[in-house]
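One line per chain: the protein sequences are A and B, in this order.
If you number the first sequence the way this note's numbering does, the last residue is 326 and the count never jumps.
If you number the second sequence the way this note's numbering does, the last residue is 1261 and the count never jumps.
C-beta: ideal position from N, C-alpha, C; glycine also.
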Amino acid sequence: MSNEVLVVVEQCDGRIADISFALLGKGKELATVLGTKLAAVVVGNEIRTLAGDLGIADIVLLAQGAQFSHYCPEALKHCVVELVRGRSPRLVLIGNTAYGMDLAAGLSAETNIPLLAYCRDFRVEEGQIIAVSELYGGKILVESEAGGTQLVVSVLAGAFPVAAGRGAGTPQIEEFSPNPAAAEARIKFKRLIQPESGDVDITKEALLVSVGRGIGSKDNIPLVQELADALGAQLSASRPIVDNGWLPKSRQVGKSGMSVKPKVYLAVGISGAPEHIEGMRDAELIVAINSDPTAPIFNVAHYGVIGDLFDIVPLISEKAKAAGAS
Amino acid sequence: MEIVVAVKQVPDLVEELEIDDSGKALDRTFLKYRLNEFDEHALEEALLLKEKHGGKVTVIALDTAEVEETLYTCLAKGADRAIKVTGNFDNGVDSREAANILREVLSSTPYDLILTGVQAADDRDGQLGPLLASYLKLPHLSVVSGIELAQGGRALTANQEHSGGIVAEFEVTLPALLGVQAARETPRYAPVSKVRQMMKATKIEELAAAKSALDSVTPIRRLSKPESAGRAEMLEGDAEEISSKLIAILDQRGLLKGSIK
């Protein structure tokens, strides 16, 4: 057992994802406490130059091959499973992205190393890793003990600062070429589809009125559209609204949608699951209206209103219109 | 095509969640349950595929938290078969244990495609989909929205949602397991009358789970609610007062159409 902390670095077209730097920063801290090394594995084709961005790591493992020129979940899993079997790291850190969701639980099943998912914090107590998972839509934190054994962890975006993982250094670089035939090509990458440009680009808007499940039905959408119009804002939405087809995909804020940083984000009927928070936590001013006082959105909002959106929203629209006309 | 949809009950997050006296579990006394919303999308996608290409949809669930009514609802929506896997699940079931049990059950259930929700609100030890796919040695893709048959039914094209609204299209050889984020259509609704009718007309099949020898190697130490540090400043008053305060906050920052910028 190498006992190291291993970070699986996510890259796309030669660009390392922010979440990977967040994992490297936290990984370095844990490796120091555990008195072990920080290793980073990057999987791709012709990615040697990426090692230069991974200065914070002690060891950079470059897994290269033509089979990785496009993202293929099976090839990636096979490669990381082999690596983990060979190196026996103490802790494997993976981002809770689509890439990480393809990998983490499968890696756990193949290697029989336990997984703790949706983690937002860790600490080491008497040599034991304690991980805190954010479950039940962000309403409950669950602290688990990993014992003295190996552990795989999937980490929520935004849990740790990205800047902490961008460090200079001269890591030892090891290259390896996984056997391409070993991963059966049962999943083939076809193409990337860029987001439909849509009518608006919500990432560029200064004011967003964002609507969530609390709106109840498609028939009520005009209520929030009216508010957006009165404020000179655009309408965005949380995932369930888009999954239900009530607003187009181009309006979705969160993990599988857009990350936005408007001057004002007015969250109407959005409970604030971690996947949503990930996309809007950096807004300058967050105002949340929700009938549930325990809604996690109130933990990131600057101002909160506990109440029925159907009472409050029309009044705000009315007053905003009056203010606009003055 | 034989499609199996693995579903489960989760606590309804609209309700307030309380932690029990042990501090290590939710207080189940007043807990309300519902079908995991992502599983609902998985079922919808399965029904859409069946309607377009024919075949059979089998819904399978472990016997937890009043799952029967949910299974009848799935039948009312158009599933052909419902299987309830019985066992001692009083203290909840981890994803890994559930995947192990379902692996056994699926050894005697035919399938070309297994669908399940991409995640559930309580999967502390990982999502069911990738665990089960690994145990069954099936190709797996998560965060899927939109599935089409390809290659004369020997494969699927599936869209995987990435951040920034980017979608990756894959071709997946069958048999396969996909974790569904969103169906192409809003999940259909089954009227209560139809569910009642199903309860009279059909039977849910029962299978006993093989004894699970798995003990969690990552025991829960404690549950807590997120601390309120940095919590929002709450605007108090009636709707009239609250809306005035909100407008004032926006106006102060010059963010209203009529504000002086």
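Local conformation of residue i per DSSP, three classes
i: A:G95; result: strand
i: A:L207; result: strand
i: A:S69; result: coil
i: A:V300; result: coil
i: A:G44; result: strand
i: A:R85; result: helix
i: A:R281; result: coil
i: A:T111; result: helix
i: B:I1019; result: strand
i: A:T49; result: helix
i: A:I270; result: coil
i: B:K1261; result: Unreliable positioning characterises B:K1261 in this predicted model, as indicated by a pLDDT of 47, which lies under 50. A coordinate reading is not provided.
i: A:L62; result: strand
i: B:L1256; result: coil
i: A:V287; result: strand
i: B:L1156; result: strand
i: A:V142; result: strand
i: A:E275; result: helix
i: A:V305; result: strand
i: A:A104; result: helix
i: B:A1232; result: coil
i: B:L1026; result: strand
i: B:E1227; result: coil
Residues near residue i in its chain [Cβ-Cβ closer than 7 Å; skip 5 each side]
i: A:I19; result: E10, G95, T97 and A157
i: B:L1017; result: P1011 and L1026
i: B:A1099; result: L1128, L1131, L1132 and Y1135
i: B:L1235; result: I1242, K1245 and L1246
i: A:G127; result: G148
i: A:V209; result: V224, L227, A228, L231, A233, L235, L266 and V268
i: A:G106; result: K77
i: A:K28; result: L38 and I56
Close-in-space but distant-in-sequence residues of the same chain around residue i (CB under 6 Å, 5 per side omitted)
i: B:A1046; result: I1003, V1005, V1057 and L1115
i: A:E226; result: S317
i: B:I1260; result: Residue placement at B:I1260 is poorly supported in this model, since its pLDDT is 49, which falls under 50; the coordinates are not used for a value here.
i: A:E4; result: T36, K37, A39 and P89
i: A:L247; result: A237 and I241
i: B:D1123; result: S1095
Where the alpha helix (DSSP H) containing residue i begins and where it ends
i: B:Y1072; result: V1067 to K1077
i: B:G1086; result: The sequence shown places Thr at residue 1086 of chain B, rather than the Gly named in the question. Where B:T1086 is concerned, there is no enclosing alpha helix (DSSP H), although the beta strand (DSSP E) it sits in stretches over R1081 to T1086.
i: A:D18; result: D18 to L34
i: A:D121; result: First-last for A:D121: L115 to E125, but that is the beta strand (DSSP E), not the alpha helix (DSSP H).
i: B:G1179; result: Note, B:G1179: premise wrong, no alpha helix (DSSP H); beta strand (DSSP E) at A1176 to A1182.
i: B:R1221; result: Here B:R1221 belongs to no alpha helix (DSSP H); instead the beta strand (DSSP E) covers I1220 to S1224.
i: B:L1047; result: E1037 to H1053
i: B:A1239; result: A1239 to Q1252
i: B:V1192; result: V1192 to A1201
Cβ separation of residue i and residue j, assumed to be a contact under 8 Å, to the nearest whole Å
i: B:G1117; j: B:G1078; result: About 18 Å separates the two Cβ atoms, so there is no contact after all.
i: B:P1187; j: B:E1066; result: That pair is no contact at about 19 Å.
i: A:Q150; j: A:R90; result: 6 Å
i: A:G307; j: A:I270; result: The pair is not a contact, with the Cβ atoms about 14 Å apart (cut-off 8 Å).
i: A:I202; j: A:M258; result: 6 Å
i: A:V132; j: A:E143; result: 5 Å
i: B:F1089; j: B:L1062; result: 6 Å
i: A:A323; j: B:L1256; result: 5 Å
i: B:A1076; j: B:M1198; result: 5 Å
i: B:A1182; j: B:S1224; result: Incorrect: roughly 31 Å between the Cβ atoms, too far for contact.
i: A:V8; j: A:V92; result: 7 Å
Range of the contiguous beta strand (DSSP E) that encloses residue i
i: B:T1058; result: K1056 to L1062
i: B:P1011; result: Q1009 to P1011
i: B:V1172; result: V1167 to T1173
i: A:I56; result: Note, A:I56: premise wrong, no beta strand (DSSP E); not H, not E.
i: A:I129; result: Q128 to L135
i: B:A1006; result: E1002 to A1006
i: A:L6; result: V5 to V9
i: B:A1208; result: E1205 to A1208
Residues near residue i by beta carbon distance below 8 Å, same chain, minus five either side
i: A:I312; result: I289 and V305
i: A:Q172; result: D58, I59 and V60
i: B:V989; result: Residue 989 of chain B cannot be examined here, being either before or after the span of chain B that is shown, 1001 to 1261.
i: B:G1237; result: K1245
i: A:L135; result: Y118, L141 and V142
i: B:R1154; result: T1173 and L1174
beta-carbon residue i near the ligand HEM non-hydrogen atom, thresh 8 Å
i: B:L1048; result: The ligand HEM is not part of the structure shown, which contains no ligands of any sort.
Whole beta strand (DSSP E) runs in the region 151 to 193 of chain A with 3 or more residues, listed along the chain?
151 to 155, 172 to 176 and 187 to 193
May I have a chain-ordered list of the alpha helix (DSSP H) segments no shorter than 4 residues that lie completely inside the region 204 to 261 of chain A?
221 to 231 and 239 to 243
At what residue ranges does the region 1084 to 1154 of chain B contain a whole run of the beta strand (DSSP E), taking only runs of 3 or more?
1113 to 1117 and 1140 to 1150
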